[in-house]
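Colleague:
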Amino acid sequence: MPRTSAAHATEMRQRILDGAHRAMLSGGYRGTTMPAIAAEADVSVGLLYRYFASKEELYLAMCDYVSQAQLDGLAVQMGQIADPRERLARAIGHFVESLESEHWGAIITAGWAEADVKPDLRDLLRRRCDQIRAFAAMFLREAIARGEIEPDVDIEELSLATTMLMDGVIAHQAETGDRFDADLVTRSVIALVGRTLRR
1 MPRTSAAHAT EMRQRILDGA HRAMLSGGYR GTTMPAIAAE ADVSVGLLYR
51 YFASKEELYL AMCDYVSQAQ LDGLAVQMGQ IADPRERLAR AIGHFVESLE
101 SEHWGAIITA GWAEADVKPD LRDLLRRRCD QIRAFAAMFL REAIARGEIE
151 PDVDIEELSL ATTMLMDGVI AHQAETGDRF DADLVTRSVI ALVGRTLRR
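My numbering applies: residue 1 is where the sequence shown begins, and numbers increase by one.
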């Protein structure tokens, strides 16, 4: 059955976003050009501009897509784990391992550096923060329902604290470079956040 024009457009957009992600992981935001993204996605520069008017617009769309895909994948993994400490360890481990292996933290720190002068980037970072907070809040509510943490815990406070802590991991990697110790970071975050669990 032939693809519809809408299906083709969706597929092409996805292809461009994947290409942008690979290109920016390799060259960073500032070091990546639209022609480089087009080459990575195996599309023409003209076609690239039909879908995204600027590198900034493409960056924003790519970050939204990648953040949501990471959280969706993690939610599926965590839903299959009964033990709360193992579930927490999987979530933190997944975050730190992907940060180290895929080097996507550089994309986030590039956004931080530009946010003061680019309102759209600021909006993106706020949405990303909201996504992570919502994910953490979901984790906490489910843990309360299972009796794994105290029922009177302040979900708003703890979900924000967790989000800031994970952004701190990104900043720590940027600061330490090749001295980033993923195992120590994972253990440290689990030790701190795990204190909220009853068992």
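Ideal Cβ placement from N, Cα and C applies to all residues, glycine included.
#1: Please state whether the Cβ-Cβ distance between I132 and C63 is less than 9 Å.
#2: Give me, in chain order, the residues of the same chain whose beta-carbon lies closer than 6 Å to that of L121; leave out the 5 immediate sequence neighbours on both sides.
#3: Is there contact here, the stretch 90–100 with the stretch 173–186, by at least three beta-carbon pairs under 8 Å?
#4: Quick one: what's got a C-beta closer than 8 Å to E156's C-beta in the same chain, skipping five residues either side?
#5: If we ignore side chains and look at the alpha-carbon of each, how far apart do A171 and R195 end up?
#6: With DSSP collapsed to three states, give me the class of I81.
#7: Please report the straight-line C-alpha distance between P151 and L160, rounded to a whole angstrom.
#8: For the alpha helix (DSSP H) holding R135, just list the boundary residues, first then last.
#9: How close, in whole Å, do the beta carbons of R22 and Y51 come, if the pair is a contact with beta carbons under 8 Å?
#10: Quick check: the Cα distance between L47 and A134, rounded to an integer number of angstroms?
#11: Check whether the Cβ of G194 sits closer than 8 Å to any heavy atom of the ligand NAP, and report yes or no.
#12: Near A89, what residues of its chain come up, given a Cβ to Cβ distance below 6 Å and the 5 sequence neighbours on each side ignored?
#13: Do T162 and V185 have their C-beta atoms within less than 9 Å of each other?
#14: Do you know offhand how far E86's Cα is from S5's?
#15: Taking just the CA atoms, how far does E57 sit from L125?
#16: When the Cα atoms are used, what is the spatial distance from S26 to P35?
#17: Considering H21, what are the terminal residues of the alpha helix (DSSP H) in which it resides?
Modeller: Let me spell this out:
#1: No, these two residues do not count as a Cβ contact at 9 Å.
#2: G111, E114, A115
#3: yes
#4: A137
#5: 23 Å
#6: coil
#7: 18 Å
#8: According to the sequence provided, residue 135 is Phe. The question's Arg does not apply to it. Where F135 is concerned, the enclosing alpha helix (DSSP H) stretches over 119–145.
#9: At roughly 16 Å, the Cβ-Cβ gap does not stay under 8 Å, so R22 and Y51 are not in contact.
#10: 35 Å
#11: By its list of ligands, the structure shown contains no ligand whatsoever, and the ligand NAP lies outside what it can speak to.
#12: I190
#13: no
#14: E86 and S5 have their C-alpha atoms roughly 45 Å apart.
#15: 14 Å
#16: 14 Å
#17: 5–31
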